[in-house]
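Notes follow the structure.
Okay, structure coming up:
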């Protein structure tokens with residue numbers, strides 16, 4: 007009896023599975039041509055697959071019931087089909103699509119026509135993007151050096167994006183928009199698959215981790231109005247969406263191997279697929295090279311694993327793990343004279359940088375019904391930022407003494423719950439997106455340690471760190487935004503976000519003459535406030551629309567703002583977050599598959615900017631005081647236009663397809679009011695930066711390109727034309743001796759890249775970056791990894807072979 011009971015319990019789950027049914031079939035066009043890559047979804051559930059190379063699909067493990075199958079494919083009208091499934095039944099549903107129309111989602115263009123950036127739908131998964139300035143960068147549509155994360159090429163079709171090209175290794179990303187600072191992209195809210203990957207967006211938002219572009223499916227950018235859904239910063243959201251498991255097959259194996267000059271070798275290897283309810287991906291990338299400049303060796307490892315499982319038709323669970331380890335030699339800065347003599351030279355041979363980064367996330371998606379759904383993301387980061395080197399002015403010779411060691415340790419945990427509901431208000435069909443957020447971050451900052459006198463990457467120190475501080479940030483947020491649709495062409499959005507931020511600092515601020523620790527004055531502050539915003543869209547035609555929005559934004563007081571550079575300096579106890587707003591008005595859309603455009607005017611108001619001025623104490627001594635000092639405004643116009651004349655004017659494209667693009671921006675970033683002081687002959691002299699250019703903000707950011715493609719061959723040429731900028735707020739033109747201030751000259755740089763597909767599973771990629779070997783720089787650094795001019799790379803070349811096998 008006992009053995010029979012055990013046998014029954016063992017057989018029971020398999021017996022249950024045997025009673026489940028399946029829906030399968032083929033997706034074709036009206037002319038019976040198979041449509042590979044079509045999306046097949048069960049409405050009101052989390053279940054979905056893609057059709058394979060022959061247009062076939064199968065949805066397994068389905069309980070008896072009535073199902074609505076929705077089929078979508080680029081350039082075809084989505085179709086709904088009702089299917090009734092009995093217990094254990096295997097139903098066949100062959101579905102044909104017709105009528106070219108607008109796809110309600112992220113577009114992917116066909117082989118001919120425009121293959122550029124596109125736009126987010128009104129509702130993107132669990133967030134509202136209607137009325138907002140946004141772009142979607144489709145990595146498969148780019149001819150770019152993805153092995154090196156070449157930002158100049160990746161963001162070429164995104165107007166107004168300025169790029170710091172001071173890291174040829176591709177490890178760190180430095181981009182900004184609309185006159186903001188590109189410093190490690192800290193004015194963007196940087197996320198991966200919707201969750202934070204920076205050390206602390208509320209206290210230390212610098213982006214030290216960038217995923218390999220070979221695994222990125224798309225980059226979603228929402229400008230400043232994203233503050234309602236995502237919080238800081240003024241720059242908006244930049245979300246790296248990784249490639250998801252292939253839903254059409256059980257196994258995909260891919261390998262991309264790239265080589266180039268200066269010892270470049272990159273190997274990216276990917277494995278993924280779907281087996282029933284389980285989907286999986288994993289990748290590993292190794293990238294190593296000597297860099298274009300002397301003393302710029304790099305060695306990086308990236309690995310990632312992702313699983314998702316449909317527990318039921320309503321619930322899907324997922325998990326992600328990502329790890330990066332880097333070893334990077336920093337060539338340091340140059341003076342203007344040295345840059346003119348030989349931009350490849352380096353005066354720093356002992357500077358090293360490393361930032362091991364571990365990210366984890368657990369996700370749950372639950373579909374309540376066809377009109378509402380929930381998403382829960384739990385995420386965290388365990389990471390470090392480590393540097394060692396001789397960091398004094400470039401005019402000082404490194405005499406091979408002890409180096410300076412600085413180390414940061416980050417530990418973060420966060421959670422976001424989002425709820426999306428479609429609802430009716432009279433005759434209006436509306437949508438509301440709400441959410442709750444928690445984030446807790448801890449940063450242990452150890453600085454000014456006395457390191458070794460060696461030349462390698464060694465972070466050991468002698469004695470104690472001069473500074474040893476701990477920063478804690480806790481953030482709670484609640485947000486809601488709704489789309490109101492009073493008529494078919496018009497929609498209006500309104501939203502609000504409630505933020506609460508708690509910041510604490512404790513630890514050691516210095517060492518006494520005897521070497522004993524000096525305790526820092528503990529600092530704590532809390533604040534809460536509400537952000538408001540509204541927007542609108544009006545359809546001029548099916549695929550073109552006017553859009554506008556205005557939304558409040560803020561930048562929290564950073565951890566570094568609470569840390570005096572010297573023990574005699576003073577921090578304003580009432581130091582407050584920078585606040586302001588973003589405004590956009592634009593016109594965007596697509597005409598056929600031969601023209602894509604987005605033209606807009608923007609206004610970014612940035613108030614309460616933090617700075618330092620000199621003040622006199624009661625005893626007559628002069629000290630530096632960090633406080634809110636002023637106000638700046640960035641405004642201008644941005645335009646992206648991509649046009650395919652061959653698709654527009656030629657019915658027969660036997661000679662191939664030509665696509666032209668222009669991404670241009672005219673930006674006026676100026677200080678309206680910003681107090682300054684200087685000390686002359688022992689006296690404080692007051693001034694104001696009113697009318698000065700905001701530093702690191704070119705007035706012109708223009709990029710143009712042309713792509714020719716025929717069958718499996720594609721070739722692109724691109725030119726970047728960037729105007730001059732100032733490296734400091736005082737707009738110093740003549741550089742100082744250490745090259746930390748002075749003009750950043752205008753420059754033009756050209757790139758050419760191509761690819762050739764053959765044997766269905768192989769693709770050759772090649773290119774030359776900086777075709778004319780121009781000498782230019784985008785940054786003067788005041789500290790690590792400078793100081794001084796950090797040259798951009800001269801001419802480099804690469805060639806790679808990609809192979810992909812599907813089972």
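In the working numbering, the protein residues as written are 7 to 813. All C-beta atoms, glycine included, are put in the ideal place defined by N, C-alpha and C.
| query | result |
| --- | --- |
| On the DSSP letters alone, give me the boundaries of the alpha helix (DSSP H) that residue 143 sits inside. | Not the alpha helix (DSSP H): residue 143 falls in the beta strand (DSSP E), residues 140 to 144. |
| Would you check if the region 175 to 192 and the region 245 to 253 touch, i.e. whether three or more CB-CB distances between them fall below 8 Å? | no |
| For residue 546, does the three-state DSSP call read helix, strand or coil? | strand |
| Within 8 Å, do at least three Cβ pairs link the region 386 to 393 to the region 432 to 443? | no |
| What residue does the beta strand (DSSP E) around residue 363 start on, and which one ends it? | 363 to 375 |
| Taking C-beta to C-beta, are residue 259 and residue 813 nearer than 9 Å? | yes |
| Determine the extent of the beta strand (DSSP E) in which residue 327 is found, giving its start and end residues. | 321 to 335 |
| Which class does residue 167 belong to by DSSP, given the choice of helix, strand or coil? | strand |
| Measuring alpha carbon to alpha carbon, tell me which residue in 448, 497, 90 and 619 is nearest residue 211. | 448 |
| Considering only the beta carbon of each residue, do residue 341 and residue 400 sit closer than 9 Å? | yes |
| The ligand SAH and residue 549: does any heavy atom of the ligand fall closer than 8 Å to the residue's C-beta? | This structure does not include the ligand SAH; it has no bound ligands of any sort. |
| Starting from the C-beta of residue 7, find all residues in its chain whose C-beta is less than 8 Å away, skip the five residues before and the five after it, and write them out in chain order. | Its pLDDT being 46, under 50, residue 7 is placed unreliably by the model, and nothing is read from it. |
| If we count the other Cβ atoms within 10 Å of its Cβ and call it buried at 16 or more, is residue 383 buried or exposed? | buried |
| Check residue 815 in the structure and name its three-state DSSP category. | There is no way to answer for residue 815, as the model of the chain reaches only from 7 to 813. |
| With burial defined as no fewer than 16 other Cβ atoms inside 10 Å of the residue's Cβ, what is the status of residue 24: buried or exposed? | Unreliable positioning characterises residue 24 in this predicted model, as indicated by a pLDDT of 45, which lies under 50. A coordinate reading is not provided. |
| Could you give the DSSP three-state label for residue 190: helix, strand or coil? | helix |
| What separation, rounded to the nearest whole angstrom, lies between the Cα atoms of residue 39 and residue 104? | 11 Å |
| Just verifying my parser: in three-state terms, what is the DSSP assignment at residue 770? | strand |
| Rounded to the nearest angstrom, what separates residue 501 and residue 208 at their Cα positions? | 21 Å |
| Looking only at C-alpha atoms, which of 718, 348 and 619 sits nearest to residue 662? | 718 |
| Do you know offhand how far residue 802's Cα is from residue 154's? | 11 Å |
| Since residue 514 sits in a beta bridge, which residues does DSSP pair it with? | 474 and 525 |
| Helix, strand or coil, according to DSSP, for residue 799 in the structure here? | coil |
| Helix or strand or just coil, what does DSSP make of residue 358? | strand |
| What residue does the alpha helix (DSSP H) around residue 692 start on, and which one ends it? | Careful: residue 692 lies outside any alpha helix (DSSP H), inside the beta strand (DSSP E) at 689 to 694. |
| Whole angstroms are fine: how far does the CA of residue 585 sit from the CA of residue 613? | 5 Å |
| Residue 241 to residue 234, Cα distance in whole Å? | 13 Å |
| Under a Cβ-count criterion, where at least 16 other Cβ atoms within 10 Å of its own Cβ denotes burial, should residue 463 be classed as buried or exposed? | buried |
| Would you kindly report the start and end of the unbroken beta strand (DSSP E) that includes residue 427? | 410 to 431 |
| Spatial neighbours of residue 508 within its chain, please: CB distance less than 6 Å, with the 5 preceding and 5 following residues excluded, ordered by chain position. | 480 and 532 |
| Give the straight-line distance between the Cα atoms of residue 734 and residue 700, rounded to the nearest whole angstrom. | 8 Å |
| Using a 10 Å radius around the Cβ and a threshold of 16 neighbouring Cβ atoms, would you call residue 373 buried or exposed? | buried |
| Can you look up residue 552 in the DSSP assignment and give me helix, strand or coil? | strand |
| Within 10 angstroms of the Cβ of residue 655, are there 16 or more other Cβ atoms? Answer buried if so, exposed if not. | exposed |
| How is residue 406 classed by DSSP in three states: helix, strand or coil? | coil |
| Quick one: what's got a C-beta closer than 6 Å to residue 362's C-beta in the same chain, skipping five residues either side? | 331 and 390 |
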